[in-house]
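As they're listed, the protein sequences go chains A and B. Residue numbers for the first sequence follow this note's numbering, beginning at 1 and rising by one. Residue numbers for the second sequence follow this note's numbering, beginning at 292 and rising by one. Ideal Cβ placement from N, Cα and C applies to all residues, glycine included. Keep in mind it's a predicted model, so treat the numbers as computed, not measured.
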Amino acid sequence: MSTIVLLLITGLGLGALYFLVASGLSLIYGLMGILNFAHGSFLTLGAFAGWELARRMGGDSWVTLFASMAAGAAVGAIVAAATEFLLIRRLYNRHIEQVLVTVGLALASVALFDGIWGTDPIYVTGPAWFAETTEILGARVPNDRFVLIAVAVLVLIAMVLFLRLTRYGLIIRAGVENRAMVTALGIDVRKAFTLVFAIGGAAAGLGGVLASHYFGYVSPQLGGSLLIFAFIVTVIGGLGSLTGAAVASVVVAVLQQFANYYLGGTGDLVVVLLLAVVLLVRPSGLVGRLA
Amino acid sequence: MKTVTKRRWLPWAAGGAVVAFAAILPFLNIVVPGVLPGATYTPGTLQLLALSLLFAALALSYNLLFGSAGMLSFGHALYFAMGAYGLGILLQSTDLALVPAMGIILALVIVAAYLIGALSLRVTGISFAMVTLAFAQAGNVLIRRNPGLTGGEEGLRLATANVPDVLVGVINTRNLYWVALALVVVVFVVVTWFEHSRAGHVVAATRENELRVRVIGVRPFVVKLITFVIASALAALVGMVYLLLQSGATPRATSADFTLTILVIVVLGGVGSRWGAVVGGIVYTLLDQRLTAFASSDAVAALPDVLRIPLSEPLFILGTLFILVVLFLPGGIAGIVGRVGDRSRSRAAARDRVEEAS
């Protein structure tokens, strides 16, 4: 029983990370039709920014943690918005070229991170409470999992409220449904494009800081390894659907944890198998329109 | 009419001349400072040239998939790795000779590509890209998690017991170079033949407008699957020769980064252009090798950090170059040459008109 609870909560924590990456990917794809390969780099950069700040502020206090989370989100948002503004916008409506530019950016940025911070993982420490465990139903659960889950839930709520209640949220939702119509009504969708990139980048940067605490280190490869699972999550959830991404993140991560424990470390293969089954049964994903 | 027939055989004659020249390179003493590490008859240079030819052949197979059929796959490295690792495992665990072993692996890859392709092709566009990526990732995990069979992170070493002696050892690098050259020619001919076949035309039509192909009454799924299987089988062939040339394979060959490298090569060369893919593969490999040498040179080490760090990362320079090509040179190398050709052709046409008028 305690093992199951531990696996479940760890899976939820990992799912929270997947969601922070996949939510941005899904929104960007839904609105603009771009598969953003540079998303992993936003995450890595956010993680490094958070680490650099924490190193300078010193101390493993909660203030440092929240400051580094804010820094990671801010850096992610700024870099993502700049990427959209400087590179993606020039290739308006040429989806393949847009994807190619993000591929180039991903390759170049990871190499640059290698050059600046080195290829070896850098170990990070959080507040002392992070290293402790809490006992739930007999399971000793590391505390950082709870922070991850709480942050991801807050981000999900904030995104849903933003999309439902604000004018820009309305434009983004309308743009996902039918971009041509929104443009025809005289609304400048391009601002929404930059905004969506900034939101996705902020979530990824935040995810980067949290991932560095979850895994215990930062490395230039951090983003790339999470990105592949985030891709799988977005396809399973249905491209362009935020709720789909949330559900699929949890399903994929929990399944991965259980398979790793009970089926001898086959978590990654089981996830790919799940992807194959979903594609056979529902090619448009769990909650998706036909992509 | 005369010009049409002339155009038809001219590129083939030029290609034949280039291949003939490439074939006698091991007997020549050509030194190109800054591009090649040594004279063309030395094993080190031949090794590099053979590697660049393999990348050219791999780029050709990917160009069939992406350029001709418009299928953006992020899992092409999987089939390359199946060829390299499959042959390596078969050679180390059985007593089969090289050629039958290659035949068995090729058959296995065709079956695997058929199954994975049939599943992946249920979706199109970006979803297809992600699904192929997921399968390649699964292959990567399998190879890294089974060190007993594949050598894990260390990589697999080629068991040379059943490999013909002429293909083993530094002294025989030029034989491997000729094998690589022959492979490029074979892949080029197969790809050209397929693109000019009926299936090739249908798949090109599907790339342009899938709905219209369906309306005409052709099922695009079948031809796309055939294209996928052919491109995968060719990639596996390249992987097998790669194993022989490098005397081993590493898990890097299965990674998503490796597929992205092939994609970068095809885009640099010019999407949809066969000789562009060949030139792209050769240019990329040489550039990669030279940039690595440049990065560790004293000139770079003496620079201030702001310049030194980016310049000491070859992949950073290549990535930036790639972004610039996508932004400013759509059509890559083939695009530049095509535009220059068009300009001189239209100038010639203008001159003809002037001569007719006078």
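Any idea which residues DSSP pairs residue i with across the strands?
i, result
"Ile136/A", "Ala139/A"
"Leu447/B", "Ala540/B"
"Ile218/A", "Ile is not the amino acid found at residue 218/A; the sequence shown has Val there. In DSSP, Val218/A forms a bridge with Ile122/A."
Is the beta carbon of residue j closer than 9 angstroms to that of residue i?
i, j, result
"Thr497/B", "Ala341/B", "no"
"Ala204/A", "Ile614/B", "no"
"Pro371/B", "Ala544/B", "Rather than Pro, the amino acid found at residue 371/B in this sequence is Phe. Closer than 9 angstroms, so yes."
"Ile573/B", "Phe346/B", "yes"
"Val79/A", "Gly223/A", "no"
"Ala22/A", "Val209/A", "no"
"Ile232/A", "Leu280/A", "no"
"Phe519/B", "Met362/B", "yes"
"Val470/B", "Leu535/B", "yes"
"Leu349/B", "Thr331/B", "no"
"Leu612/B", "Leu559/B", "yes"
"Leu578/B", "Leu609/B", "yes"
"Ser212/A", "Pro127/A", "no"
"Asn431/B", "Ala547/B", "yes"
"Ala540/B", "Gly446/B", "yes"
"Leu239/A", "Tyr29/A", "yes"
"Ala392/B", "Val272/A", "no"
"Ile396/B", "Gly377/B", "yes"
"Leu382/B", "Val481/B", "no"
"Ile236/A", "Leu286/A", "yes"
"Ala592/B", "Ser603/B", "yes"
"Phe485/B", "Ile521/B", "yes"
"Ser249/A", "Gly15/A", "yes"
"Ile149/A", "Leu65/A", "no"
"Tyr214/A", "Leu17/A", "yes"
"Met159/A", "Leu242/A", "yes"
"Arg448/B", "Gly335/B", "no"
CB-CB under 8 angstroms to residue i, same chain, minus the five flanking residues each way: which ones, in chain order?
i, result
"Leu7/A", "Val254, Gln257, Phe258 and Tyr261"
"Leu290/A", "Because the pLDDT at Leu290/A is just 39, under 50, the model does not fix this residue reliably, and the value given afterwards should be weighed accordingly. Result list for Leu290/A: Pro283 and Ser284, in chain order."
"Gly416/B", "Leu363"
Suppose the cutoff is 7 angstroms on Cβ atoms and the five residues either side in sequence are ignored; what does the same chain contact list for residue i look like?
i, result
"Gly622/B", "Gly561 and Gly629"
"Met292/B", "Because the pLDDT of Met292/B is 43, which lies under 50, any placement of that residue in the model is unreliable, and the number read from its coordinates should be weighed accordingly. Excluding positions up to five away in sequence, the list is empty."
"Arg282/A", "none"
"Thr83/A", "Ala38, Leu105 and Phe197"
"Val295/B", "Because the pLDDT of Val295/B is 49, which lies under 50, any placement of that residue in the model is unreliable, and the number read from its coordinates should be weighed accordingly. Excluding positions up to five away in sequence, the list is empty."
"Ala47/A", "Gly72, Gly208, Val209, Ala211, Ser212, Val218 and Leu222"
"Val141/A", "Leu6, Ile9, Thr133 and Thr134"
"Asp386/B", "Asn453"
Just to confirm my understanding: we take residue i, look at its own chain, exclude 5 residues before and 5 after, and list those with CB closer than 6 angstroms. What are they?
i, result
"Val99/A", "Leu35"
"Tyr353/B", "His367, Ile553 and Val557"
"Ser219/A", "Pro121"
"Ala246/A", "Phe19 and Leu156"
"Arg173/A", "Leu163"
"Ala364/A", "An answer regarding residue 364/A cannot be provided, because it is not within the stretch 1 to 291 covered by chain A."
"Ala77/A", "Ala198, Gly201 and Ala202"
"Val278/A", "Ile236"
"Ala568/B", "Ala350, Leu351, Asn354, Val557 and Gly560"
May I ask which residues mark the beginning and end of the alpha helix (DSSP H) holding residue i?
i, result
"Ser241/A", "Taken as a continuous stretch (DSSP letters only), Ser241/A belongs to no alpha helix (DSSP H), as it is neither H nor E."
"Glu486/B", "Thr464 to His487"
"Glu501/B", "Glu501 to Ile507"
"Ala73/A", "Trp62 to Thr83"
"Glu52/A", "His39 to Met57"
"Thr576/B", "Arg565 to Ala586"
"Gly15/A", "Ser2 to Met32"
"Tyr370/B", "His367 to Ser384"
"Met393/B", "Leu389 to Ser411"
"Arg435/B", "Gly416 to Arg436"
"Tyr353/B", "Pro334 to Asn354"
"Arg599/B", "Asp596 to Leu602"
"Gly267/A", "Gly267 to Val281"
"Ile187/A", "No alpha helix (DSSP H) contains Ile187/A, which DSSP labels as neither H nor E."
"Leu286/A", "It is not in any alpha helix (DSSP H) - Leu286/A carries neither H nor E in the DSSP assignment."
"Thr611/B", "Pro605 to Phe619"
"Leu559/B", "Ala547 to Gly560"
"Asp589/B", "Asp589 to Ala592"
Item to check | Complete alpha helix (DSSP H) runs within the stretch 112-185 of chain A (minimum length 4 residues, chain order) | outcome: 128-131, 144-165, 167-177 and 179-184
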